[in-house]
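Okay, so here's the structure we're looking at.
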Amino acid sequence: MPKRVVIVGGGLAGLAAAESLSARGFHVTLLESRPRLGGRASSFEDKTSGTLIDNCQHVSLGCCTNFRHFCERTGLASSFRVERELNFIGTDGIVNRLKSTSLPAPLHLAQAFNRLSYLDSRDRVALARGLSALAKTDPSKLNGETFDVWLARHHQTENTVNRFWHVVLVSALSESLDRIAVAQARKVFVDAFLAHRDGWTVQIPNAPLDELYGSPLVAHLERQGVVIRTGAGVRRLVADGDRVIAAELRNGESIEGDEFVLAVPHYLAASLLPGNVADSSAVQDLERLETAPISSVHLWFDRSITDLPHAVLIDRLSQWMFNRTMLQAAIGRKDPRHYYQIVISASRELDGTPTADTIAAVHEELCEIWPDARAATLLHSRLVTEHRAVFSVTPGSDRFRPRQQSPIANLQFAGDWTQTGWPATMEGAVRSGYLAAENVLTRDGRAEALVQPDLKRARLARWLLGLS
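Laid out in structure tokens, this is it:
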């Protein structure tokens, strides 16, 4: 008789565990408290516009091998638009197009970096030296240094700090430079920009996230026998001695199982665990993980303001523009209104700012960049903030991230907050689900590697930068 696996949490970590275990013959029950799957990668209906909008724009990168594998397994890969050219717009209004040359990594983007109009020759020299030094840095010898301190030690100019390092990292990690561990900053630049030609390419969902993780994904999982129960909030995990035996729902129902995976946000984990586990150091340390917010300004105009599908905005409150109307047109969506989402990561500075003021500031910035926006009528606007969007990759934060194996043998943890080697990303979430599933398989006597290998590092990158 197949073993019963109960997974608590229908975000990407839980979904990855459910997909991989059900494909290997386990009887999987997936419990999600919300009415939909996807966790933080979700959408809701804006009542005024009638539009399904994402709580925050999510993107993936070419270096995210496990997220890509999950999408390929579940039939979601075709729902992403692959971008091999990024647009960076400085205060001079010039559109700088970042794209690879035919050179191997790490030289494939050198020409693009060297042509950024908002960096002068001194900035470019500093940037090249900084990237090389960062790649050659041993992250095990950093002694809790924050990235702003590292940048100062390596003589980065004010422009490179504000117009390059900050721009990339605030989008990738949703944190300010004075709170980012050097090791995490290094991972972003090595994996995405230096080690492989395709590491930096961006994959953007064409559809709202609720549709992405909705019916097609549910159908795939159900074909594999997964029992999906949304609206099934768990009150607690019930233990008998040194085993978890059931998940008790808020309505009093008990879901029994042989193996359990807890795949909820880190700040909810302790409240669901048996007392002896909740009091363990591994779980208590989760309280020391800090979080960072991400805000999105959603704007609907009566006409197009730009023909760019997306753009990174330099030296502004607005950080990244996504032309949702254009992106969704690729899947046949037509709307007479033109809908744009503007992302502001690490948005603590918005605390206490009236919503109308934030929207007005973003609107004015768009008008400065694209004059057509001034002539367009703003039909509707909305500010959405995910207050605990990601855990903060502060120095030492890895010490507070537990392994997937919990103190109870038949209970696994899953979530981007566990030990994955990655920051808070969709890639990290999927990796954690695969790692938790590997532990379940091992306990069943079927050791199997589920985590996908990283992109192979280019020979020239290994030689020039000492990458292993």
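The sequence shown lines up with residues 802 to 1269 when you count with the numbering used here. Where a beta carbon is used, it is the ideal one built from N, C-alpha and C, also for glycine.
- If you ignore the 5 residues before and after serine 1207, its C-beta comes within less than 7 Å of the C-beta of Val1078, Gln1213 and Phe1214, all in its own chain and listed in chain order.
- Here methionine 1227 really is in contact with alanine 842; their C-beta atoms are around 7 Å apart, less than 8 Å.
- In the pairwise beta carbon analysis, the segment 1137 to 1156 is classified as touching the segment 1093 to 1112: at least three pairs are separated by under 8 Å.
- Spatial neighbours of threonine 1219 in its own chain (CB-CB distance under 7 Å, excluding positions within 5 residues in sequence) are listed in chain order as Arg1202, Pro1203, Arg1204, Gln1205 and Ser1233.
- Contact fails between the segment 933 to 943 and the segment 1104 to 1114, because fewer than three Cβ pairs, one in each stretch, are under 8 Å apart.
- If you draw a straight line from the Cα of cysteine 872 to the Cα of leucine 970, it comes to about 25 Å.
- The segment 826 to 836 and the segment 1032 to 1047 touch, with no fewer than 3 CB-CB distances between them shorter than 8 Å.
- Check the Cα spacing between proline 1009 and each of Gln858, Ala1238, Met802 and Leu816: the tightest is with Gln858.
- Setting aside the 5 residues that flank it on each side, alanine 927 is surrounded in the same chain by His956, Gln957, Thr958 and Thr961, each with a C-beta closer than 7 Å to its C-beta; the list follows chain order.
- Within 10 angstroms of the beta-carbon of histidine 1188 lie fewer than 16 other beta-carbons, which makes it exposed.
- The beta carbon of alanine 984 sits closer than 7 Å to the beta carbons of Pro940 and Leu943 from its chain, once the five residues preceding and following it are set aside; these are given in chain order.
- Distance from the Cα of alanine 1248 is smallest, within the candidate group Leu1073, Arg825 and Val1113, for Arg825.
- When the beta-carbon positions are compared, alanine 973 and alanine 1230 stay at least 8 Å from each other.
- Residue nearest to valine 883 within the set Gln1004, Asn1124, Val1019 and Asp1136 is Gln1004 (criterion: CA-CA distance).
- Taking the C-beta atoms as reference points, arginine 805 is found nearer than 8 Å to aspartate 1059.
- For the segment 959 to 998, there is no continuous beta strand (DSSP E) assignment of 3+ residues that stays within its boundaries.
- When only Cα atoms are considered, arginine 874 and threonine 947 end up about 38 Å apart.
- The closest CA to that of valine 1062, considering only Asn1124, Asn1211 and Val1252, is found on Asn1211.
- Taken in chain order, the whole alpha helix (DSSP H) runs of length 4 or more contained in the segment 1099 to 1146 are 1125 to 1130.
- Taking a C-beta distance under 8 Å as the contact criterion, alanine 1259 and arginine 998 qualify as a contact pair.
- For proline 1006, the three-state secondary structure derived from DSSP is strand.
- The beta carbons of isoleucine 1115 and phenylalanine 914 sit about 14 Å from each other, so the pair does not count as a contact at 8 Å.
- A contact between stretches requires three or more CB pairs, one per stretch, nearer than 8 Å, and the segment 1017 to 1030 fails this requirement with the segment 900 to 917.
- About 5 Å separates the beta carbon of histidine 1181 from that of serine 850, a gap short enough to meet the 8 Å contact definition.
- Here alanine 1237 is near alanine 818, since their CB atoms are less than 8 Å apart.
- The residue among Val1185, Gly1076 and Glu1166 with its C-alpha nearest the C-alpha of aspartate 1041 is Gly1076.
- Bounds of any beta strand (DSSP E) do not take in threonine 1195, whose DSSP letter is neither H nor E.
- Taking glutamate 1049 as reference, the option from Arg923, Met802 and Val809 with the minimal CA-CA separation is Val809.
- Nearest Cα to proline 803 within the set Gly812, Val829 and Gly811: Val829.
- According to DSSP, residue pairing for asparagine 897 in a beta bridge involves Phe889.
- Proximity to asparagine 1124 across Arg1117, Val1144 and Leu1118 peaks at Val1144, based on C-alpha coordinates.
- Under the three-state reduction of DSSP output, leucine 1151 falls in the helix class.
- Under the DSSP assignment, phenylalanine 827 falls outside any alpha helix (DSSP H); it carries neither an H nor an E label.
- DSSP lists no bridge partner for histidine 909.
- In the three-state DSSP reduction, arginine 1204 falls in the coil class, being neither helix nor strand.
- Beta-bridge analysis with DSSP links alanine 1040 to Val1045.
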